[in-house]
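Before any comments, here is the structure.
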Amino acid sequence: MLSKKTKYAFHALTYLGKHRDQKTVLIQDISEEYGISHKFLENILLELKKAGILGSKKGKGGGYYLIKEPKDVALSKVIRLLDGPIALLPCVSLNYYEPCVECKSEAACGLNKVMIQVRDEMLKVLENKTLADILDKE
569 MLSKKTKYAF HALTYLGKHR DQKTVLIQDI SEEYGISHKF LENILLELKK
619 AGILGSKKGK GGGYYLIKEP KDVALSKVIR LLDGPIALLP CVSLNYYEPC
669 VECKSEAACG LNKVMIQVRD EMLKVLENKT LADILDKE
């Protein structure tokens, strides 16, 4: 399940994508639209900025804006940035692999094999879907 942080990030990115005709968008506008705490949203937007997805401008006319085209913002990137691994078990994660402590042999673990299939199917979708896909459905 996506964390609230990631869900709010997708809401914010969607809002910014819908308002690309504006030079910048105020945090307050996004916060009010989705009922997200201003401080929590500010932290999320800063993480997206550090990741090179958003830019910001200070002062009069300031706010946040998308640096990347919506088609270039993969859902998998946002999820990994804010939630970490997409895999449901650490022993099947591509980017955050850790062996399971209780498992004697990954090669003989049926759960591992099934979760690899689940991970692969999720990645097929999440790596090929972008912010543009979300905007197209709004």
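For the sequence shown, my numbering begins at 569 and goes up steadily by one. Don't be surprised by glycine CBs; every beta carbon is placed ideally from N, CA and C.
Scanning its chain for C-beta atoms nearer than 7 Å, with the 5 sequence neighbours on each side dropped, one finds around K625 the residues T592 and G631, in chain order.
For K628, the closest C-alpha among the options K572, D701 and L594 is that of L594. With contacts defined as CB atoms closer than 9 Å, E674 and C659 qualify as a contacting pair.
Here S599 carries a helix assignment [DSSP, helix/strand/coil]. Around the beta-carbon of L656, fewer than 16 other beta-carbon atoms lie within 10 Å, marking it exposed. Looking at R687, H579, G620 and V686, the one whose alpha-carbon comes closest to that of E601 is H579. Looking at the backbone, the Cα of Q590 and that of E706 are separated by about 18 Å. Collapsing the DSSP output to three states places K617 in a helix. A residue is called buried once 16 or more other Cβ atoms fall within 10 Å of its Cβ, and A676, having fewer, is exposed. Collapsing the DSSP output to three states places Y576 in a helix. Here the alpha carbon of P667 sits roughly 22 Å from the alpha carbon of I647. Taken through DSSP and simplified to helix, strand or coil, T592 comes out as coil.
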